[in-house]
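What follows is a short report on a single structure.
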Amino acid sequence: MNTAAVRILGLDRRLVPLAATLALFIGLVVYGAVSYDAFLSPQVFLNLAIDNSFLCIVAIGMTFVILTGGIDLSVGSVLALTTMAAAALSKLGWSPWILVPLLLAGGSAFGAIQGFLIHRYRLQPFIVTLAGMFVARGLCYLIDTASIPISAPFFVAMAEARIPVGGGNSLSSGAVIAMITVAVALWLAHSTRFGRTVYAIGGNAKSATLMGLPVGSALVRVYAFSGGCAALAGLVMSVYMLSGYSLHAVGLELDAIAAVVIGGTLLTGGIGYVAGTVVGVLILGIIQTLVIFNGTLSSWWTRIVIGILLFLFCVAQRLIEARAGQKR
Amino acid sequence: MSAPLLAARGITHVYTGKPALDGVDFTVRAGEVHALMGQNGAGKSTLIKVLTGVESPRAGEMALGGSRIVPTSTLHAQQLGISTVYQEVNLCPNLSVAENIFAGRQPMKPWPRGGGIDWRTLNSRALGLLRGLDVDIDVRRELGSYPVAIQQMVAIARAIDISARVLILDEPTSSLDSEEVERLFAALRRLRSQGLGIVFVTHFLDQVYAISDRITVLRNGKLVGEWPVEDLDHAALIAAMVGRTPEAPPVACGATGDAPAAPGTPVLSARGLARRGSVNGVNLDVRRGEILGVAGLLGSGRTEVARLLFGLDRADAGSVAVQGQEVVLHDPAQAIAHGLGFCPEERKTEGVVEDLSIRDNIVLTLQARAGLWRRLPAAHVREITDRLAKLLDIRAPDLDGTIGTLSGGNQQKCMIARALATQPCLLILDEPTRGIDVAGKAEIMNQLVALAREGLAIVFISAEIEELLRVSTRITVMRDRVQAGTLAGDCGEEAVYAMIAAAPAPVSP
């Protein structure tokens, strides 16, 4: 792929943020490997995938939303609501064959309603999904204010399932689901008309409309996809925690946004990659791992480093945009 | 000529009580370029909106290839075979060139091969389409990395690939330089020979004669007539557009030698002005009563000079002196304080505040200088605006009405009035005549000459060499972001073109 190399080294502005993100990830891995002996063991990286699986799934949905130039603040709450519903309904003896599709459809429908409001009444995505966030979080408390343990066999079996990947290492079911989600999202983003319409909307929504693209239905579907991802992440978290709780995933939407931005997606939309988001999630995870390896640092250092990285990435993005603007 | 491809009969359209089109007939034949001409407000835009389904007419009917059509949206019109390419390119800059051509119509792989978009076919078809227009570029690169001229070609490629039978080009050449215009015309000739009907809207009369087969002229929403291009010469065309013989072009104050330019200290003097990525080594002197023209191709650094002089961009090197005193210009407020006035190029986005009244628009800079808490007395505002409206002959039924209701030419005069309200000693005008009809242009140039006679120093930036020659005392030429040289105002068109072309102009990829 000679041309791909030329594009990275050459001018294609779209790949610059992704390259920066990848370089940062590799830098962090090298730093960890040099500083700590046990750092390069395969299970450290597999744990990255396991512990961040729900963040990854939510961030994938968020990537599509941000690519259109929007934002979805409701995902953390929808995730929590899904864990609550999963816990409460499985306690009532609902079969997982009904429960899982129902919750996924519910999350998608919740997102679709938000997308419809945003498109139909030209509302700010920020405010619509903020309202959605309050509604979903409030509904959690309506189900129960306390944590509900999950003991349904399906969830327990999923939690105990370990998929061996050789060398005595293994992945959790949640990590595998996250990987499948990534694969589906990559295909959606790059090989379907829907995905390309998402990019077109982010590039110039007015042009996209004039080009005859289905802007409205794409917007509704984007928020539905994000809601569906949040519900899927909720199921993964139900398995991971074996409980439903109103206070699960508080602020997760912000971590997801951080991962998407650090992954090189522009908040203005139109530019970014699903693959970048995956690396963004891994960067958040590896910072946490480094803090744990250090042992003496408070875990809040994770937040501080992520905060500083966000600042740097936003400034860098603006500089890239300004330079690209000047070139013309 | 062949039978009509697109025939519109008796099109009437009314905007909030004001008739915009009144029983207009318009016919496009297959294999012709048809120029649609008229002053601002003549109804060209409305007619195009009707043809492309943006507006539905009050009366009249349209037929395409003999069968009646009622386009209800741009998309519908496109499907019927009427595509439009606008002055500002309506594509997505973040998508690749190929994707922009096929967005929404991407070739898909059959399911046995995994479904999804067939990028290979998409790219090769895009390459083929663009080669057909004599454009050979990397179609996988993002559209935004190419100049506007290429983007326009991409828009045309998209339009003709959506099975266009009629292609409408609305002021496609406004932001192109002459070489790019030539390439566009070559592509249009090729499409014409393939039997496409092309509607061409422009303000540049020369281009009408360079490319068109027929001309339709509108005036005040009414059809004036339709002529084969050889039956309507330059003067007759202008007469048809304005409904009268336009005033004789003004005499350049410098060109005839009666320049009232006083020797002595220049009002504005720049030495070695430079900014990285902008322009390099600009030296200027403008004296009282002088009009300094700035010529050059698009992207040559014309506008950048104005931005530096007015403090919109900071210079990295060089110095500026006003009335002999060296000054620091870091923002427009400083420039205004030193007595400079500026009319920006983009009237719509950088100048006019559409919802404010004409008076408010004119005193905007003055009020901004006074500050938010010291509102200008109403009587004072009235006195200033009445005087300037009279001075510049701003034709408005009511100066308290919103500025959005004025024609482009009168809006531009308001912008000049706004700059004059601060009583500047030097006025910088960036393309003041762009997008303004012929009569309006002549008037604005008359005003400039009159203002210079009264002692104002003017820096006049324009893409149209003719205009510069008409009014300028001296003309400085920008080439590839460097000052190529300065010519006398009476040097003649050839001299200016020779200086612009002295080095090969940048070739677009």
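Heads up: the sequence lines are chains A and B, in that order.
Offset between the first sequence (1-based) and this note's numbering: plus 24.
Offset between the second sequence (1-based) and this note's numbering: plus 1180.
Ideal Cβ placement from N, Cα and C applies to all residues, glycine included.
Check whether residue i and residue j have beta carbons under 7 Å apart
{"i": "Val1404 (chain B)", "j": "Ser1392 (chain B)", "result": "no"}
{"i": "Val102 (chain A)", "j": "Gly275 (chain A)", "result": "no"}
{"i": "Cys253 (chain A)", "j": "Ile84 (chain A)", "result": "yes"}
{"i": "Lys1224 (chain B)", "j": "Gly1233 (chain B)", "result": "no"}
{"i": "Ile1641 (chain B)", "j": "Glu1674 (chain B)", "result": "no"}
{"i": "Thr45 (chain A)", "j": "Gly287 (chain A)", "result": "yes"}
{"i": "Ile1191 (chain B)", "j": "Pro1237 (chain B)", "result": "yes"}
{"i": "Ala104 (chain A)", "j": "Ala273 (chain A)", "result": "yes"}
{"i": "Ser262 (chain A)", "j": "Ala110 (chain A)", "result": "yes"}
{"i": "Val329 (chain A)", "j": "Ile311 (chain A)", "result": "yes"}
{"i": "Ala1188 (chain B)", "j": "Phe1206 (chain B)", "result": "yes"}
{"i": "Ala1637 (chain B)", "j": "Val1500 (chain B)", "result": "no"}
{"i": "Gly139 (chain A)", "j": "Val244 (chain A)", "result": "yes"}
{"i": "Arg38 (chain A)", "j": "Glu1322 (chain B)", "result": "yes"}
{"i": "Ile1564 (chain B)", "j": "Gln1592 (chain B)", "result": "no"}
{"i": "Glu1484 (chain B)", "j": "Ser1449 (chain B)", "result": "no"}
{"i": "Leu1186 (chain B)", "j": "Val1334 (chain B)", "result": "no"}
{"i": "Asp1350 (chain B)", "j": "Gln1267 (chain B)", "result": "yes"}
{"i": "Leu1568 (chain B)", "j": "Gly1498 (chain B)", "result": "no"}
{"i": "Phe78 (chain A)", "j": "Val222 (chain A)", "result": "no"}
C-beta neighbour in chain B for residue i, strict 7 Å
{"i": "Ser241 (chain A)", "result": "no"}
{"i": "Ile204 (chain A)", "result": "no"}
{"i": "Gly236 (chain A)", "result": "yes"}
{"i": "Phe158 (chain A)", "result": "no"}
7 Å Cβ cutoff, residue i in contact with chain A
{"i": "Leu1347 (chain B)", "result": "no"}
{"i": "Leu1255 (chain B)", "result": "yes"}
{"i": "Gly1635 (chain B)", "result": "no"}
{"i": "Ala1283 (chain B)", "result": "yes"}
{"i": "Gln1331 (chain B)", "result": "no"}
{"i": "Gln1286 (chain B)", "result": "yes"}
Amino acids of chain A, ordered along the chain, whose beta-carbon sits closer than 9 Å to that of residue i
{"i": "Ile1297 (chain B)", "result": "His214, Ser215, Thr216, Arg217, Gly219, Arg220"}
{"i": "Glu1359 (chain B)", "result": "Here the premise fails: no neighbours, minimum Cβ distance about 18 Å."}
{"i": "Glu1279 (chain B)", "result": "Arg220, Tyr223, Ala224"}
Within chain B, partners of residue i - CB distance below 7 Å
{"i": "Ala232 (chain A)", "result": "Cys1272"}
{"i": "Ile22 (chain A)", "result": "Chain A is shown only over 25 to 352; residue 22 (chain A) falls outside these bounds and no answer can be derived."}
{"i": "Tyr223 (chain A)", "result": "Asn1274, Leu1275"}
Contacts that residue i makes with chain B (C-beta to C-beta distance below 9 Å)
{"i": "Gly226 (chain A)", "result": "Cys1272, Asn1274"}
Buried versus exposed call for residue i [16 or more other C-beta atoms within 10 Å across all chains shown]
{"i": "Phe335 (chain A)", "result": "exposed"}
{"i": "Val1533 (chain B)", "result": "exposed"}
{"i": "Thr106 (chain A)", "result": "buried"}
{"i": "Asn1270 (chain B)", "result": "buried"}
{"i": "Leu33 (chain A)", "result": "Confidence at Leu33 (chain A) is low in this model, with a pLDDT of 48, below 50, so its placement is unreliable and the value that follows should be read with caution. When all chains shown are included, Leu33 (chain A) counts as exposed."}
{"i": "Gly294 (chain A)", "result": "buried"}
{"i": "Ile204 (chain A)", "result": "exposed"}
Closer than 8 Å at the beta carbon, the chain B residues around residue i
{"i": "Arg38 (chain A)", "result": "Asn1274, Glu1322"}
{"i": "Trp211 (chain A)", "result": "Gly1296"}
The ligand MG heavy atom lying under 6 Å from the CB of residue i
{"i": "Leu1201 (chain B)", "result": "No copy of the ligand MG appears in this structure; indeed no ligand is present at all."}
Counterpart residues of residue i in DSSP-defined beta bridges
{"i": "Gln1505 (chain B)", "result": "B:Val1502"}
{"i": "Trp1407 (chain B)", "result": "B:Ile1395"}
{"i": "Ser1537 (chain B)", "result": "B:Thr1582"}
{"i": "Val124 (chain A)", "result": "The partner list for Val124 (chain A) (beta bridge, DSSP) is empty, contrary to what the question assumes."}
{"i": "Phe1380 (chain B)", "result": "B:Ala1215, B:Leu1349"}
{"i": "Arg1187 (chain B)", "result": "One detail in the question is off: residue 1187 (chain B) reads as Ala in this sequence, not Arg. B:Thr1207, B:Ala1243, per the DSSP bridge assignment."}
{"i": "Pro1199 (chain B)", "result": "B:Val1194"}
Listed by chain order, chain A residues near residue i by CB distance under 7 Å
{"i": "Gln1258 (chain B)", "result": "Gly236"}
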